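Per this note's numbering, the very first residue in the sequence shown carries number 4; after that it's consecutive. Where a beta carbon is used, it is the ideal one built from N, C-alpha and C, also for glycine. If you're wondering where the values come from, they're calculated on a predicted model, not measured in any experiment. Below you'll find the structure, written out as structure tokens, and then a few comments.
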Amino acid sequence: MLIPTPRAAAAASRSSSVVGVAGVAGSDIPGAMFDPAVFAARREAFMTAIGPDAVAVVSSLPERLRNGDAMHPFRQHSDLYYLTGFVEPDTTLVLRPGAGTDRTVMFVRPRDPEMETWDGRRAGLEGAKARYGADVAYPVAELELRLWDLLANHDELHFALGLDERMDLRITAAIARLRRTEKKGRRPPRAVVDPRLTLHELRLHKRPEELAALRTACAITADAHVAAMKRGRPGTFEYQLEATLDYTFRSRGGSGPGYASIVGAGDNATILHYIENRCEIMDGDLVLIDAGCEYDHYTGDISRTWPASGTFSAAQRDVYDRVLATQEAAIAMVKPGVTIDEIHTFCVRALTTAMIDLGLLAGTVDERIADGSYRRFYMHGTSHWLGLDVHDAGAYTRGGKARPLQPGMVITIEPGLYIPLHAVEVPERLRGIGVRIEDNILVTDDGHENLTIACPKDVATIEALCR
Ligand code: GLY
Ligand code: MN
Ligand code: MN
Numbered sequence: 004m005l006i007p008t009p010r011a012a013a014a015a016s017r018s019s020s021v022v023g024v025a026g027v028a029g030s031d032i033p034g035a036m037f038d039p040a041v042f043a044a045r046r047e048a049f050m051t052a053i054g055p056d057a058v059a060v061v062s063s064l065p066e067r068l069r070n071g072d073a074m075h076p077f078r079q080h081s082d083l084y085y086l087t088g089f090v091e092p093d094t095t096l097v098l099r100p101g102a103g104t105d106r107t108v109m110f111v112r113p114r115d116p117e118m119e120t121w122d123g124r125r126a127g128l129e130g131a132k133a134r135y136g137a138d139v140a141y142p143v144a145e146l147e148l149r150l151w152d153l154l155a156n157h158d159e160l161h162f163a164l165g166l167d168e169r170m171d172l173r174i175t176a177a178i179a180r181l182r183r184t185e186k187k188g189r190r191p192p193r194a195v196v197d198p199r200l201t202l203h204e205l206r207l208h209k210r211p212e213e214l215a216a217l218r219t220a221c222a223i224t225a226d227a228h229v230a231a232m233k234r235g236r237p238g239t240f241e242y243q244l245e246a247t248l249d250y251t252f253r254s255r256g257g258s259g260p261g262y263a264s265i266v267g268a269g270d271n272a273t274i275l276h277y278i279e280n281r282c283e284i285m286d287g288d289l290v291l292i293d294a295g296c297e298y299d300h301y302t303g304d305i306s307r308t309w310p311a312s313g314t315f316s317a318a319q320r321d322v323y324d325r326v327l328a329t330q331e332a333a334i335a336m337v338k339p340g341v342t343i344d345e346i347h348t349f350c351v352r353a354l355t356t357a358m359i360d361l362g363l364l365a366g367t368v369d370e371r372i373a374d375g376s377y378r379r380f381y382m383h384g385t386s387h388w389l390g391l392d393v394h395d396a397g398a399y400t401r402g403g404k405a406r407p408l409q410p411g412m413v414i415t416i417e418p419g420l421y422i423p424l425h426a427v428e429v430p431e432r433l434r435g436i437g438v439r440i441e442d443n444i445l446v447t448d449d450g451h452e453n454l455t456i457a458c459p460k461d462v463a464t465i466e467a468l469c470r
């Protein structure tokens with residue numbers, strides 16, 4: 004299925020003289036089809052949402068220095084990728100829905116044979132127009148020169164303040180300049196509007212091509228978890244399992260992990276964002292892996308917990324069974340109209356009941372929910388949106404209330420129980436056990452589809468894989 008990017012196609016995707024064609028393997032990812040019409044349709048939907056009197060500015064975030072002269076690998080900002088498919092740094096998109104011409108304006112790095120020899124191919128101004136749908140393209144060095152004029156006389160400016168100080172300053176400088184030119188007929192926007200209300204609503208409702216990418220990301224992620232289960236045994240190091248994940252992600256055409264992989268054995272599994280991944284796995288450990296493959300910029304987000312030796316201890320089973328039952332019941336709740344808050348409330352009650360049954364907490368379920376003491380062992384939310392970002396864009400509330408799920412949304416369901424070794428007040432047999440089980444769930448017209456169903460979580464299957 005996967006089509007490696009032929010070298011000629013990679014060059015063509017950046018070349019000023021070749022028009023990108025739907026169906027030609029893109030430069031972005033092996034096997035992923037770059038279809039300019041997909042991104043044009045997204046821009047149209049966004050422009051319709053903001054209306055003809057608005058202008059939108061969406062920029063890449065700055066490249067980050069790692070050390071010396073080495074940069075962190077660049078990954079395009081998801082908003083900009085969603086609207087353009089353009090993966091280069093130093094890019095700004097200006098959308099002007101009401102303009103007669105030049106509705107899609109791009110500022111990009113110009114072609115530069117010497118720089119391209121060092122840092123890689125660029126689309127340049129011609130590529131931005133021919134392949135990425137810009138009506139007009141300028142060198143990014145001209146951004147400050149031209150921005151104020153592009154913003155003039157629009158009622159609303161849709162721009163995400165607070166992401167990048169440099170862009171914030173450019174925007175405020177453009178507004179300040181327009182205040183000075185008002186008498187000459189070039190006035191500033193009356194309001195700066197957060198893209199959460201428009202662009203992020205679009206991102207929240209996944210289109211078919213997005214679901215296709217997510218399905219691939221989820222399939223590779225599931226296979227990577229299975230590969231880790233097969234490899235993991237006492238004596239393996241956490242980083243070796245991380246390597247197995249990375250190998251699976253990359254060898255299947257993913258760009259790598261969509262967030263730092265968490266591989267925690269024993270007590271490390273009780274640290275929610277444990278990413279050091281450097282310890283040896285000991286006999287009797289549970290291993291918690293929370294990792295997702297990013298494919299065509301969309302990421303999976305699976306957590307699985309399994310016994311390194313191939314057999315759960317009785318105490319581990321006690322905890323695992325309660326988390327699994329909770330997770331499966333929570334997934335069963337997912338359908339249009341239900342809210343993430345309702346699912347979380349259900350999980351909190353089920354897990355608090357488990358905590359009392361297991362002897363982690365005393366008293367009644369209502370008391371322990373009311374005083375919040377369940378948070379000692381279940382301290383995170385149950386769900387988040389999933390898509391281009393692991394914690395994907397989209398408002399969680401409407402009018403101060405949790406919003407109902409709708410078909411096309413993708414969420415995680417990820418309850419857990421975390422009982423650290425230092426929890427000296429709880430039965431000793433339960434200390435040092437951390438369990439999280441996480442799947443990726445698409446809301447459908449009549450219920451849901453588990454996109455990560457291929458990743459086993461029932462005890463018999465995972466014990467067999469781990470043995
Ligand atoms: N790995 C991040 C999360 O599960 O939310
Ligand atoms: Mn996760
Ligand atoms: Mn998650």
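Three or more beta-carbon pairs separated by less than 8 Å are not found between the region 119-131 and the region 144-155, which leaves the two stretches without contact. In the DSSP annotation of this structure, the continuous segment of the alpha helix (DSSP H) that includes H228 starts and ends at 211-234. Closest by C-alpha distance to R149, out of T95, R307, L354, L217, is T95.
H451 and R439 have their C-alpha atoms some 21 Å from each other.
With a cut-off of 7 Å, the C-beta of Y262 is classified as near ligand 1, since at least one heavy atom of the ligand falls inside that distance.
At a threshold of 7 Å, S386 does not count as near ligand 2, since its beta carbon sits no closer than that to any of the ligand's heavy atoms. Under the three-state reduction of DSSP, K460 is assigned to coil, being neither helix nor strand. With a cutoff of 7 Å, D442 does not count as near ligand 3, since its C-beta is closer than that to no heavy atom of the ligand. Of the heavy atoms belonging to ligand 2, at least one sits nearer than 7 Å to the Cβ of E417.
For W309, the enclosing beta strand (DSSP E) stretches over residues 305-310. Within the DSSP bridge table, the entry for M74 names L68 as partners. In this structure, ligand 2 has a non-hydrogen atom nearer than 7 Å to the beta-carbon of D304. Taking non-hydrogen atoms of ligand 3 into account, the C-beta of V337 is found less than 7 Å away from none of them. The alpha carbon of P410 has as its nearest neighbour, out of I444, P430, E431, H383, the alpha carbon of I444.
For Y250, the uninterrupted alpha helix (DSSP H) segment begins and ends at 241-254. Here D72 is exposed: its Cβ has fewer than 16 other Cβ atoms, across all protein chains shown, within 10 Å.
At a Cβ-Cβ threshold of 8 Å, E441 and D293 count as neighbours.
Per DSSP, reduced to three states, the secondary structure at C350 is helical. The region 215-230 and the region 270-284 do not touch, with fewer than three beta-carbon pairs separated by less than 8 Å. For T314, the closest C-alpha among the options E417, R199, L468, L363 is that of L468. In the structure shown, L420 adopts extended strand secondary structure according to DSSP, grouped into three states. In this structure, the beta-carbon distance from V108 to D138 falls below 8 Å. The region 160-168 makes contact with the region 196-211; the number of CB pairs closer than 8 Å reaches 3 or more.
Contact annotation: I305 and T455 have beta-carbon atoms nearer than 8 Å.
Cβ neighbours of V337 within its own chain (closer than 8 Å, five residues either side excluded): I346, L408, I414, I416, I444, V446, G450, H451. The distance from the Cβ of L424 to that of R434 is about 5 Å, consistent with a contact at the 8 Å cut-off. Taking a contact to require three or more Cβ pairs closer than 8 Å, the region 318-326 and the region 349-362 qualify as touching. Excluding residues up to 5 positions away in sequence, H203, R206 lie with their Cβ nearer than 6 Å to the Cβ of A396 in the same chain. In this structure the region 87-106 touches the region 56-66; the number of beta carbon pairs closer than 8 Å is three or more. The C-alpha of R378 lies about 28 Å from the C-alpha of M285.
For D293, the shortest C-beta to heavy atom distance toward ligand 2 is below 7 Å. Going by DSSP, R45 is part of the alpha helix (DSSP H) stretching over 39-53.
Look at V393: its beta carbon is less than 7 Å from one of the heavy atoms in ligand 3. Rounded to the nearest angstrom, the gap between the Cα atoms of R371 and R78 is 43 Å. Restricting attention to beta strand (DSSP E) runs no shorter than 3 residues, the region 174-208 encloses them at 194-196, ordered along the chain. Counting C-beta pairs closer than 8 Å gives three or more between the region 375-391 and the region 296-311, which meets the contact rule.
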